[in-house]
Amino acid sequence: MSGTYVGLPSFPRAAQDSTKDTRLRANLTHATHTIRAKRAAAVGELADWPALRAAGAAIKDHTLRHLDHYLLQLEEAVTAAGGTVHWAADADDANRIVTELVRATGETEVVKVKSMATQEIGLNEALAEAGIHAYETDLAELIVQLGDDRPSHILVPAIHKNRREIRDIFTDAMGRWGRPAPQDLSDSPAELAEAARLHLREKFLRAKVAVSGANFMVAETGTMVVLESEGNGRMCLTLPETLISVVGIEKTVPSFRDLEVFLQTLPRSSTAERMNPYTSMWTGTTDDDGPRTFHLVLLDNGRTDTLADPTGRAALRCIRCSACLNVCPVYERAGGHAYGSAYPGPIGAILTPQLRGTATELDASLPYASSLCGACYDVCPVAIDIPQILVHLRERVVQGGQVTLRGSRTTIKPAKGHATERAAMRAARWTLDHPAAWRTTQKLATRTRALHPRHAPGHTGKAWSDSRDLPELPAQSFRDWWQQRERAASAGKDTGKGPAAGGAGTTGPGVGEGGSR
Amino acid sequence: MRVALFVTCVNDLLYPDTGRAVVTLLERLGVEVGFPAAQSCCGQPQFNTGYRHETEPLVRRYAAAFDDYDYVVTPSGSCAAMVRDNYPRIAERAADEGRDDGLAEAAAAAVPKTYELTEFLVDVLGVTDVGAHFPHTVTYHPSCHGLRLLGLGERPRRLLEAVRGLELRELEGAEECCGFGGTFSVKNADVSAAMGEDKVRHALDSGAQVLCGADNSCLMHLDGILRRREAPLRAVHLAEILASTQEEPYRPARPLPPVTTGKTRP
């Protein structure tokens, strides 16, 4: 994946700063809560949503199961329609192919329609090294590029910025990249959009080469499909002479008819729209209409390895709607940058460690960037059980085991820094599986309860008690109380009293010596 | 009908009052409750942190401990969800790896008999009015696993609405996670605390005296924040509210905060 993300801190360390950034928190809370409510309403309008969701999952699973077949069919169809197909095993491959294709045109500038795949491989940086300027034309991507920033959301890359910040970025940076922003630019959305429109129009009319991604690729016809909201993407897809599309292999669907499902579920899940504003489709090249040359770069970059994992492969169903990000309480507090990947949020937490592996501290921390609340699974339009995959990847991080890396089965070691935790988990399990030991532990805890402070010692304790008091230990565990009650009851029986009539058993809640809260 | 209490390890050690409340409540409703001492932990902390293998003996222990019972009732949505959602998965994965060791049988025995408290009351006993009396203002936080994995729906609310003297207040963002998440609260302490603080703020905004939940692990996290801030709100488990009656009222170790004005449920 991208060089831009190498060496970033682990998720908890990155989140430590972002949770304290009050402006970021306010921007994110406002944006995610607004879209959350709208999505729920848009989805609620469809009586057959569960069926659409199941159909989406089924189409994706079927395609993934027969991906080898559909990719060859796709290649044949694209070629027959006048396009050229290139196969890229990894990011370096893809970047080299695109760079060579652009160089062959003699151009040093390309326009881009927002693409997750090119963000994933760090294409802009690779092109820059080859002396080629890549101009982002999606409004939010433009904001991020002008601000020398990284996207923080799949659908709304500049979600972490508010209007005033965007105005300042336009005023400061537009002139360096092309047409400057108007002198007296205000922060009204209409004025900001107009400034971006004029700045971008100049780029569109000059560009000879465009780079895009695709939301879907139809195997039977070789058709590429891009969904976007602004029309800037359509400019990129139709005006230049050469179009290069870099698309992950999992974006394939078998037939044109399959789009019926996704063109309903994707807009409603992502922008809460009933129908997508701009849905562009192109099949190869056509005389006197659109680009004269079309290249499709099919990107693997860890996808076939992911496909080899029976649990983890469901992540490849993802249609990048970002509903899971918008509903995620962890994303809302930590922000997208903390995930250190083109794919933030819950889907990023399961996709990134599969595409990149779990070798770095950052990638090993991503499966833990969730409270497993399950809200992401609820909203996912292709029913990816994200919590289940998170737990599966946690196992990979702490236990290591068999994975597929570049096509071969390999045994990986546990990630560093889990030895103490593993020993503690093992010890806890042993104690919990030996009732006498568990009772002794409990007794020890309750008898020393006067010594237990509000603030816990050690690293783990500090993490807990930086912001929370520890619970007060009661004097008696439940099982001790139960045993006492049983004894009293059998003594009571001897004197003719039933268990419900006397002894400690009638003690109401909170009355006993264990009253804690 | 043989009914056992699965008190859970957190309640056993830290919140025995909740266990006693369940016993009191069920006995009041005419149910004879057993407590097999061989029970321990459902294995959730291990499973959710990535130590699936460590949970396998606990799955077998759970099934063996409750073998003699028709129903297992637990005052914890997340522990019930662990049994129902993950035990079959653990057995399946073990079989995939060439280990069965009776896990499939254990899971098959455990899953259908395990009930979260409110499910047992509403679905099995068929009661929503349990004869409770709790003259306080209450706001309810539906914990994620009860809400999403068990689909408890309106059951806890219906039980609370039937409690005499209780005034239920709306909790803004009720369905959002409180930020506990087991080891998440330690591994991602900053995000966890940020989530908990927002939950606490909404609970305080409700003006209620009591923040009620059906999972003591979530309440431990939220109560920890409330006590650190010395906030006028107490976290109380639903079972303790349902066990409270006019004759044997809920008596907390620390008095409940005074009634304040806030948004009243329409």
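In order, the protein sequences belong to chains A and B. With the numbering used here, the residue at position 237 of the first sequence is 237, and numbering never jumps. With the numbering used here, the residue at position 102 of the second sequence is 1102, and numbering never jumps. Idealized CB from N, CA, C, for every residue including glycine.
Sequence-distant Cβ neighbours of Q1246 (chain B) in its own chain, meaning closer than 6 Å and more than five residues away, are H1133. Straight-line measurement puts the Cα of A349 (chain A) at about 25 Å from the Cα of S212 (chain A). Secondary-structure assignment with DSSP links F216 (chain A) through a beta bridge to A:V225. Residues of the region 363 to 380 of chain A with a C-beta atom less than 9 Å from some C-beta of chain B are S365, P367, Y368, A369, S370, S371, L372, C373, G374, A375, Y377, D378, listed in chain order. A distance below 9 Å separates the beta carbons of H1145 (chain B) and A1080 (chain B).
Under the 9 Å criterion on CB atoms, Q484 (chain A) is classed as non-interfacial with respect to chain B. Inclusion of P1075 (chain B) and L1211 (chain B) in the CB contact set at 9 Å is not warranted, their separation being larger than that value. Residue state for G44 (chain A) is assigned as helix, using DSSP reduced to three classes. Apart from the 5 residues on each side of it in sequence, R234 (chain A) sits with its Cβ closer than 7 Å to the Cβ of Y278, S280 in its chain, given in chain order. T283 (chain A) and I35 (chain A) have their C-alpha atoms some 33 Å from each other. Pairing T118 (chain A) with E125 (chain A), the inter-Cα distance amounts to about 10 Å. With a minimum length of 3 residues, the unbroken runs of beta strand (DSSP E) contained wholly in the region 250 to 310 of chain A fall at 278 to 283, 293 to 299.
The residue among A:G290, A:A207, A:R179, A:R164 with its C-alpha nearest the C-alpha of L198 (chain A) is A:R179.
Contact between the region 1175 to 1191 of chain B and the region 1043 to 1052 of chain B is present: three or more C-beta pairs spanning the two stretches fall below 8 Å.
The residue from B:T1139, B:A1065, B:L1150, B:L1117 with its alpha-carbon nearest to that of R1084 (chain B) is B:L1150. In the three-state scheme derived from DSSP, where H, G and I count as helix and E and B as strand, G1131 (chain B) is classed as coil. As computed with DSSP, C1212 (chain B) is found in a beta bridge with B:Y1140, B:V1236. A Cβ-Cβ contact shorter than 9 Å links L192 (chain A) with R167 (chain A).
Around the beta carbon of T223 (chain A), a 10 Å sphere encloses 16 or more other beta carbons of the protein chains shown; the residue is thus reported as buried.
Closest option to R468 (chain A), judged by alpha-carbon separation, among B:G1165, B:H1136, B:E1197, B:S1206: B:E1197.
Between G1165 (chain B) and chain A, the shortest Cβ-Cβ separation is not below 9 Å. In this structure, G345 (chain A) lies near C328 (chain A), with their beta-carbon atoms less than 9 Å apart. Taken atom to atom, the span from the alpha-carbon of Y135 (chain A) to that of L1014 (chain B) is near 59 Å.
Within chain A, the residues placing a beta-carbon under 7 Å from that of K1187 (chain B) are P12, Y368, ordered along the chain. Here T265 (chain A) is buried. Its C-beta has 16 or more other C-beta atoms within 10 Å. Along the region 1001 to 1031 of chain B, going in chain order, the ones with a CB nearer than 8 Å to a CB of chain A are V1007, C1009, N1011, D1012, L1013, L1014, Y1015, P1016, D1017, T1018, G1019, R1020, A1021, V1023, T1024, E1027. The beta carbon of D68 (chain A) sits no closer than 9 Å to any beta carbon of chain B. Look at the region 11 to 76 of chain A and you find no whole run of beta strand (DSSP E) that is 3 residues long or longer.
Collapsing the DSSP output to three states places I244 (chain A) in a strand.
Straight across, the Cα-Cα distance linking V1122 (chain B) with A308 (chain A) is about 44 Å. Inside the region 84 to 152 of chain A, DSSP marks whole alpha helix (DSSP H) runs of 4 or more residues at positions 91 to 105, 116 to 121, 123 to 129, 139 to 146, from first to last along the chain.
A straight-line Cα-Cα distance of about 31 Å links H160 (chain A) and L298 (chain A).
In this structure, A1231 (chain B) and L1204 (chain B) form a Cβ contact; the two beta carbons are roughly 6 Å apart against a cut-off of 8 Å.
Selection A:R303, A:D466, A:R164 evaluated against W87 (chain A) yields A:R303 as nearest (Cα-Cα). Of all alpha-carbon atoms in A:V113, A:A314, A:I132, the one lying nearest the alpha-carbon of V247 (chain A) is that of A:V113. Under the three-pair Cβ rule at 8 Å, the region 148 to 157 of chain A does not count as touching the region 373 to 384 of chain A.
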